[in-house]
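One structure is given here, and the rest of the page talks about it.
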Amino acid sequence: MPRHLLPDPKGKCCPDPRGTQHIGSWGTLGIRPRAANEDTLALRHPVHLLSRHPAHRPPKVPLAPILKIDLRRANNTEIMLTKIKMPLPDMMSAALALDDSVLDADQIENLIKFCPTKEEMELLKNYSGDKEALGKCEHFFLELMKVPRVESKLKIFAFKIQFQSQIRDVRKNLQTVSSACEELRSSEKLKVIMKNILLIGNTLNQGTPRGQAVGFRLDSLLKLIETRATSGRMTLMHFLCKSLAEKSPEVMDFHEDLVHLEASSKLQLKALAEEQLAVVKGLEKVEQELTASESDGPVSDVFRKTLKEFIDCSSADVCSLSAFYSEVGKSADALALYFGEDPAKFPFEQVATTLLTFVGLFRKAHDENLKQIEAEKKKAQKEAEKEATQDKTPVKSKNGNADKSPRSPSTFK
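The number in my numbering is simply the position in the sequence shown, starting from 1, with 1219 added.
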């Protein structure tokens, strides 16, 4: 408590005579005296008067990005971009350099899938606001829009990545067909079998106009299993296998000569033609894009250089593939003619399928013949053993003793 307000010894409160001087001395020091209501204000707002630190301000909340693209498409685009995991400029640099060590085929296919449409490009072109405030999808589209015909360039990139594998796959399948044709025409064992089939057919048709045939339709091979002997158990296929096994056993494994027959039966030349043509058309689009990119300016400099190198290397591969396809096509037609068929009506895949089915039926009939022979051997052996046992059984005499004398023929009467 201030000294001038202390009670005097007599119990009365009197002002300190130095109090006025004390107040006056503050004024001489240039300190403003308090207003009457300042004490009350200090009590109500003590922090306002006593705190040396400014009041705490809440952090600024970042503004939500401006979205111009459909929400679902934007979300799907952003999900796709998370799988690439590189800045957009770096991604586009790798794409324009056709660098498949940075971007793989799946990533390129996704970029193609999420290229902006004409409507989306117009929407972003007409946007006059702050582009930095746009969403991730919009920034991605804007990055793609910096490159002329970006979708075409990405498709060229995808074609380049898959080019060698496409060439390799088509050539491999064509080689399978070519090998199958060669094996079928050069198999001496198959020729022997075919001659025997013709001989059997002429024998069965002896005395009729068909008994002097010089050949037969290829699908007749499958009818051998349908023609049965009078007993109903043996078919003409079984008879053929039995006859060949007796006269020419060396031809029974003729299927081992036809290594590529089964694989070739699963191929269609028409489908191979489409694959080969797709490679040719793809290279033509590459050349067209190279020409169009001449007017792109610096943005496509690396793209043009890399693309020209690719065309120089791949043109020879495409020409070689086209020539090989033509060669295999001629070989397939020759195979149909070899078996007496019209290539236009009996294409390669039908020839291969028919012969593969014949091989299966032939081998099955031969196996059944072998099992039948084995069963007959076992039956004959059992009968012989049974007969031998009966021969050794002693015959009792009239007196009840065993007669050890040799049996006479009259014994079986």
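Backbone N, C-alpha and C fix where the C-beta goes; we use that ideal spot for every residue, glycine too.
**Message:** Tell me the DSSP secondary structure of L1317 in three-state form.
**Reply:** coil
**Request:** Tell me whether the beta-carbon of A1584 lies closer than 8 Å to the beta-carbon of M1456.
**Result:** yes
**Request:** Work out the CA separation of V1499 and A1553 for me, nearest whole Å.
**Result:** 26 Å
**Prompt:** From A1599 to A1563, what distance separates their C-alpha atoms?
**Reply:** 54 Å
**Request:** Locate the alpha helix (DSSP H) running through S1483, then write down its first and last residues.
**Result:** L1480 to S1484
**Request:** State whether the region 1304 to 1322 contacts the region 1516 to 1530, with contact taken as three or more CB pairs (one from each stretch) at a distance under 8 Å.
**Result:** yes
**For L1342, the residue or residues it bridges with in DSSP** = Partner(s): none; L1342 has no beta bridge.
**Prompt:** Taking Cβ to Cβ, would you say L1463 is nearer than 8 Å to N1415?
**Reply:** yes
**Request:** Helix, strand or coil for R1447, going by three-state DSSP, please let me know.
**Result:** strand
**Message:** If you reduce the DSSP assignment to three classes, tell me which class N1256 lands in.
**Reply:** Here N1256 scores only 48 on pLDDT, less than 50, and its place in the model is too uncertain to base an answer on.
**Exposure label - E1506; buried when at least 16 CB within 10 Å** = exposed
**Request:** Identify which residue in Y1557, A1490 and Q1591 has its Cα closest to the Cα of Y1544.
**Result:** A1490
**Prompt:** Could you give the distance in angstroms between the alpha-carbon of P1306 and the alpha-carbon of K1332?
**Reply:** 19 Å
**Message:** Let's see if you can read the secondary structure: which residues bound the alpha helix (DSSP H) around L1363?
**Reply:** K1355 to M1364
**Reference A1365; option with closest CA among F1382, Q1383 and L1343** = The sequence shown places Lys at residue 1365, not Ala. Closest option to K1365, Cα to Cα, is L1343.
**Prompt:** From I1412 to L1418, what does the alpha carbon distance come to, in whole angstroms?
**Reply:** 10 Å
**Message:** Pop quiz: E1339 and F1360 are said to be a contact at Cβ under 8 Å. What is the actual Cβ separation, rounded to whole angstroms?
**Reply:** 6 Å
**Reduced DSSP secondary structure (H/G/I, E/B, other) of T1395** = helix
**Request:** Sort out for me which residues DSSP pairs T1454 with in a bridge.
**Result:** R1447
**Item:** Where the alpha helix (DSSP H) through K1332 begins and ends
**Value:** A1324 to K1332
**Asked** Any idea what DSSP makes of L1477, helix, strand or coil?
**Response** coil
**Prompt:** Could you give the distance in angstroms between the alpha-carbon of S1514 and the alpha-carbon of A1542?
**Reply:** 35 Å
**Request:** Write down the C-beta distance between F1458 and S1406 rounded to the nearest angstrom, noting that I regard them as a contact closer than 8 Å.
**Result:** Contact doesn't hold; Cβ gap of about 22 Å is too wide.
**Contact check, A1216 vs I1327, beta carbons under 8 Å** = Because the chain in this structure spans residues 1220 to 1632, residue 1216 falls outside the shown range and cannot be described.
**Message:** Please classify C1538 as buried or exposed, where buried requires at least 16 other C-beta atoms within 10 Å of its C-beta.
**Reply:** exposed
**Message:** Could you tell me the alpha carbon to alpha carbon distance between K1355 and A1293, rounded to whole angstroms?
**Reply:** 8 Å
**Prompt:** Run through DSSP, which three-state label would A1377 get?
**Reply:** helix
**Prompt:** By Cβ distance, which residues of its chain are closer than 7 Å to L1363, with the 5 residues on each side in sequence left out?
**Reply:** C1334, P1335 and V1369
**Item:** R1436 versus E1481 - alpha carbon distance
**Value:** 21 Å
**Proximity below 8 Å, CB of L1580 to CB of I1380** = no
**Asked** How about L1659 and L1526: are their beta carbons less than 8 Å apart?
**Response** Because the chain spans 1220 through 1632 in this model, residue 1659 falls outside it and cannot be assessed.
**Asked** Using the rule of at least 16 other Cβ atoms within 10 Å of the residue's Cβ for burial, across every protein chain shown, is Q1609 buried or exposed?
**Response** exposed
**Item:** Secondary structure of L1563, DSSP reduced to three states
**Value:** It should be pointed out that residue 1563 corresponds to Ala in this sequence rather than to Leu. Note: A1563 maps to coil in three-state DSSP.
**Prompt:** When DSSP labels each residue in this structure, what does T1336 get in the three-state scheme?
**Reply:** coil
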